[in-house]
Amino acid sequence: MSSYFKFWLLWMLTGSPVTAALLLLAFWVVADWNTLGFSRRLLRFFRDLSRQSKLERLLAVNPHDRKARGELGEILVSQRRFDRAIDVVRPALEQDQDDVHALYVMGRACLGSGRAEQGELFLNSVVEAAKPGSLRPQALLEMGRHRLARGDAAGAIEILRRFLELLPSSVEGRYLLSRALAGKGDQVGAAAERERAWQEYKTALPYQRRAERLWAWRARPSRPATYLALLLALALVAGYAARNIDLRQLRSSAAEQQSYLDD
């Protein structure tokens, strides 16, 4: 109903239902882009589809391109096509068993397909590699996330603490650690990690806050509830204003008709 009133008000202001609909759509896209991020993920999905086609054509011509295999495997993992990702990345590891990116993608694909032990072997190879770069903390985060999902709270705590030693400002990592601690019955520790997650979010740079906003809201769910209450209040105000505008127009129209009849 609130969207209807917004549309109705915009229609009254612009005089065009098409313009009103476009403005309302633009408002929701901008709001989502800076909050929940569904529009960003949708854009990334279509961009990945286009890139996927190019990579598949490239590999049809040059099947030994390890970089293309790793990139295509990562796209397939994001699409949850884990078995297909394993088939794509396996030849890259057969060419070079120390290819850190291929090890990382293979580990994620194995974890996603239910091969937990194999997945952790690949990801541990990333962690222990001489030059893993930014993939070392990401490999730890993947293992911690999947251990938590499998109900291994103790294992998740150990891995996530190692991850936070490398990236202490990660809001996601601290929120996941809070869940793992709660799973072990440590409610005080869980509450402390949730609070730390929120504080890390508040002091983060704008682009980091945009990326971690959902995790911060999960750590402090009262914040989105407050936003929802504000939106509801705005919707009620908009509805009240719309009804008053409508009544004034009806009264004005009735007065004009009565004046015309009197003349």
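Take 1 as the starting number for the sequence shown in my numbering and just add one per residue. For each residue, glycine too, the CB sits at the ideal point set by N, CA and C.
Give the secondary structure of glutamine 118 by DSSP, where H, G and I count as helix, E and B as strand, and everything else as coil. What you label residue 118 is simply residue 118 of the sequence shown in a count that begins at 1. Residue state, collapsed to three classes: helix.
Can you find at least 3 beta carbon pairs, one from the segment 208–224 and one from the segment 169–178, that sit closer than 8 angstroms? Contact between the segment 208–224 and the segment 169–178 is present: 3 or more CB-CB pairs across the two stretches fall below 8 angstroms.
Determine, using beta carbons only, whether proline 77 and alanine 85 come nearer to each other than 8 angstroms. Taking the sequence shown and counting its residues from 1, the one referred to as residue 77 is at position 77. Taking the sequence shown and counting its residues from 1, the one referred to as residue 85 is at position 85. Inspection of the sequence shows that residue 77 is occupied by valine rather than by proline. Pairing valine 77 with alanine 85 gives a Cβ-Cβ distance under 8 angstroms.
Between Ala109, Leu72, Asp65 and Glu158, which has its C-alpha nearest aspartate 96's C-alpha? Within the sequence shown, residue 96 is the residue found at index 96, counting from 1. Of the residues Ala109, Leu72, Asp65 and Glu158, the one whose Cα lies closest to the Cα of aspartate 96 is Asp65.
If you reduce the DSSP assignment to three classes, tell me which class arginine 51 lands in. Taking the first residue of the sequence shown as 1, we reach residue 51 at position 51. Arginine 51 falls in the helix class under three-state DSSP.
Mapping DSSP to helix, strand and coil, what is asparagine 62? Within the sequence shown, the letter at position 62 stands for residue 62. Three-state result, asparagine 62: coil.
Determine whether the beta carbon atoms of isoleucine 157 and leucine 141 lie at a separation below 8 angstroms. Along the sequence shown, read from residue 1 onward, the residue named residue 157 stands at position 157. Along the sequence shown, read from residue 1 onward, the residue named residue 141 stands at position 141. Not a contact, by the Cβ cut-off of 8 angstroms.
Out of curiosity, what's the CA-to-CA distance linking leucine 148 and leucine 49? The count along the sequence shown starts at 1 and reaches residue 148 at position 148. The count along the sequence shown starts at 1 and reaches residue 49 at position 49. One C-alpha to the other measures close to 30 angstroms.
To the nearest angstrom, how far is it from the Cα of leucine 164 to the Cα of glutamate 195? Start at 1 with the first residue of the sequence shown, and residue 164 comes out as number 164. Start at 1 with the first residue of the sequence shown, and residue 195 comes out as number 195. Looking at the two C-alpha atoms, the distance is approximately 15 angstroms.
From Trp198, Leu205 and Gln52, residue whose alpha carbon lies closest to that of valine 88: Within the sequence shown, residue 88 is the residue found at index 88, counting from 1. It is Gln52 whose Cα lies nearest to the Cα of valine 88.
Closer than 7 angstroms: isoleucine 86 CB and nearest the ligand SAM heavy atom: Summarising the ligand content, the structure contains no ligands, and the ligand SAM is consequently not present.
Within 10 angstroms of its Cβ, does leucine 103 collect 16 or more other Cβ (buried), or is it exposed? For this step, residue 103 is matched to residue 103 along the sequence shown. When all chains shown are included, leucine 103 counts as buried.
Leaving out five residues on either side along the sequence, give the residues of the same chain with a beta carbon under 8 angstroms from the beta carbon of valine 127. For the purposes of this step, residue 127 is taken as the residue at position 127 of the sequence shown. The beta carbon of valine 127 is closer than 8 angstroms to those of Arg136, Ala139 and Leu140 in its chain, skipping five residues each way along the sequence.
Completely contained alpha helix (DSSP H) runs for the segment 106–180, where each covers 4 or more residues: Runs of the alpha helix (DSSP H) inside the segment 106–180: 116–128, 135–149 and 153–166.
Less than 8 angstroms between the C-beta atoms of serine 113 and aspartate 152, yes or no? In the sequence shown, residue 113 corresponds to position 113, counting from 1. In the sequence shown, residue 152 corresponds to position 152, counting from 1. Taking 8 angstroms as the cut-off, the Cβ atoms of serine 113 and aspartate 152 do not count as close.
First and last residue of the alpha helix (DSSP H) that includes glycine 189? Within the sequence shown, residue 189 is the residue found at index 189, counting from 1. Segment 187–202, the alpha helix (DSSP H) holding glycine 189.
Could you check if tyrosine 175 is buried or exposed, using at least 16 other CB atoms within 10 Å of its CB as the buried criterion? Here the question's residue 175 lines up with position 175 in the sequence shown. Burial call: buried.
Within the same chain, show all residues whose beta-carbon is closer than 7 angstroms to that of leucine 159, passing over the 5 residues directly before and after it, in chain order. Taking the sequence shown and counting its residues from 1, the one referred to as residue 159 is at position 159. Per the sequence shown, the amino acid found at residue 159 is isoleucine instead of leucine. Cβ neighbours of isoleucine 159 beyond the five flanking positions: Leu140, Met143, Gly144 and Arg147.
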